[in-house]
RNA sequence: GCACCCGUAGCUCAGCUGGAUAGAGCACCUGACUUCGAAUCAGGGGGUCACAGGUUCGAAUCCUGUCGGGUGUACCA
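Residue numbers (our numbering): 33 to 608.
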């Protein structure tokens, strides 16, 4: 139930009536006609731009269209008044009982309030995290993990058929580095003194793996050449690391549907098949790239490589898919991976990258565009840096020394709910400050708390009412009249619309901001009960009025719960 | 050099498909607790939406250019 789309339907059907009456030309496109809450509530309850967007295509004055439209709209039983304002805005005031009809609907829908079918079962693949399997997830991965997971839930709620996917980069040279690092730990377990040089991973999360290897092989690998153990250790270490990463994700309540191994693309003909597809479209050639301008020309050497003509699909330069020695670049298996996604029948692909991978956006989009004949869309969302603080002081981390802040560190300190919500209080492409002290603070300064507190307050008053045997009214809300009460009810009515927009733009942070606003409207109403006792939700001597107000706050509670659930945050009943 | 992201109140940020007088929070000032949970609320001051052009009925939003910040820039993944 979306009151805004209901009224939009009314506007559209009224426009059609004007057409059949000859007051408006036929063949107009109504796609851009919107019905939305006006910025300033003094203008009315809902506002439509119909007259303005149809002015040019119909060749009519916007005010003339608006005037004709008001007559039809004003005759609808839900409408109190329809006025033309400004250049041709049409402002509607709607009856109180139309707004309050949302309340029983919310109560019936529960945490499914706002669930829609606009996704229409479209198959969407959301790929996120996809961290190298060389260590535990750190705080930067956490943001991508939370964002991707919330986005996946949001799309699911909006009626898409969602697959959550993780691409394991287990095919490249960083896995050799991992294997060598584990080998060093193995030597250490055998009593040798070792040094972690040039690019090996010094983190102590590999100590246990060294011990495991010692238990398995004794000292039989000590002093053996790399060729004897590297393949075995690669496999062993990546499996262990993926176990670790799966555990880390589970701490945040994240469960992937698919873990896709890069390695599985090698030696199976899949890379060759993807590149053959591009070749068949005339997009692969042998060539030499221009040197990049403004950067270390002294290192530059002209090399002939296999290139993908990504410029044909919007990229700035063509991209190498094979090195000069003939082996694949990183891009080649990535092309094959996205080819596989296309072949699995997804209608839309979404990749979540860290902002430091922004340079790959155009080439990946070019690849998907080429591979799918422009039929599958790829949206790439970049998540910006997370800056850590503790009481306002920056929190240093150094990957070189192996002392980075892990996902586990964060979740164990502040809990999964706080971690998730805070990560969503910024738009994905804006940097985020994460202060360990602040996010645990129980004050208005902390949006997680503020929203949870509203939910808990409602639970508290509902349980009081229950003890007094006062129920929740199911229809006919006649006493909800105060502007602050109506503000809350109207806010509730906005939820389905907001959800659709958030899903359409792939922006789950909008839910977090909405919940903060809804909680604010609720807290304001609550406090009003001090000065105006007749607005209190629970009034023992007036069960009828109470049951209406309690129904309203129940609806607020359920909407908060619905929103938090999509974001992966548990609503809390009590905070004492 | 080029590409992408960003520039909105003193600070941190929202701002919907281009829509009306640009909004929150923090901080600052003033007020509200014998309370349906004051961990909250009400009110106040605070803006050249980086700058300059353009598109149009209308621009923080779209286009071009300039300035400033971040990220990335051919045989790493």
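Ideal placement from N, C-alpha and C gives every residue a C-beta, glycine not left out.
- Distance between residue 337 and residue 317, taken at the CA atoms: about 8 Å.
- Inside the stretch 73-114, DSSP marks whole beta strand (DSSP E) runs of 3 or more residues at positions 78-80, from first to last along the chain.
- Under the criterion of beta carbons closer than 8 Å, residue 204 and residue 421 do not qualify as touching, at roughly 34 Å.
- Taking a C-beta distance under 8 Å as the contact criterion, residue 297 and residue 199 do not qualify as a contact pair.
- For the options 258, 182 and 157, the alpha carbon positioned closest to that of residue 599 is the one of 182.
- Proximity to residue 601 across 102, 443, 452 and 161 peaks at 452, based on C-alpha coordinates.
- Along the length of the stretch 468-507, whole alpha helix (DSSP H) runs at least 4 residues long occupy 479-499, reported in chain order.
- Per DSSP, residue 286 is not a residue of any alpha helix (DSSP H), being assigned neither H nor E.
- The bridge partners DSSP lists for residue 409 are 380.
- Boundaries of the beta strand (DSSP E) harbouring residue 421: 418-422, taken from the DSSP string.
- Within the same chain, 334, 335 and 336 come within 7 Å of residue 320 by CB-CB distance, once the 5 residues on both sides are set aside.
- By the criterion of a C-beta distance shorter than 7 Å, residue 579 is surrounded in its chain by 502, 503, 504 and 505, once the five residues flanking it on both sides are discounted.
- For the pair of segments examined, the stretch 534-541 was found not to touch the stretch 93-101: the number of CB pairs separated by less than 8 Å stays below three.
- Judged by beta-carbon spacing, residue 455 lies within the 8 Å limit of residue 178, meaning their Cβ atoms are closer than that value.
- Beta bridge pairing from DSSP links residue 351 with 340.
- Going by C-alpha positions, residue 518 is about 21 Å away from residue 491.
- Judged by beta-carbon spacing, residue 396 lies within the 8 Å limit of residue 410, meaning their Cβ atoms are closer than that value.
- Per DSSP, the unbroken alpha helix (DSSP H) holding residue 189 starts and ends at 171-189.
- When the alpha-carbon of residue 64 is set against those of 243, 72, 379 and 80, the nearest one is in 80.
- Counting C-beta pairs with one atom in each stretch, the stretch 567-587 and the stretch 457-477 have fewer than three that are closer than 8 Å, which means they do not touch.
- Of all C-beta pairs linking the stretch 266-279 to the stretch 162-171, three or more are shorter than 8 Å, placing the two stretches in contact.
- The alpha-carbon of residue 156 is positioned some 18 Å away from that of residue 366.
- In this structure the stretch 38-54 lies against the stretch 102-110, because at least three pairs of beta carbons, one per stretch, are closer than 8 Å.
- Annotation: residue 224 is outside any beta strand (DSSP E) and is labelled neither H nor E by DSSP.
- Remark: C-beta atoms of residue 158 and residue 196 approach each other more closely than 8 Å.
- If you draw a 10 Å sphere on the C-beta of residue 77, you find 16 or more other C-beta atoms in it, and that means buried.
- When the beta-carbon positions are compared, residue 122 and residue 100 stay at least 8 Å from each other.
- DSSP links residue 157 through a beta bridge to 195 and 381.
- Straight-line spacing of the CA atoms in residue 576 and residue 582 works out to 10 Å.
- Bounds of the alpha helix (DSSP H) holding residue 369 are 363-375.
- Residue 139 and residue 194 have their alpha carbons spaced roughly 27 Å apart.
- Counting along the chain, residue 293 sits inside the beta strand (DSSP E) bounded by residues 290-293.
- In this structure, residue 60 lies near residue 89, with their beta-carbon atoms less than 8 Å apart.
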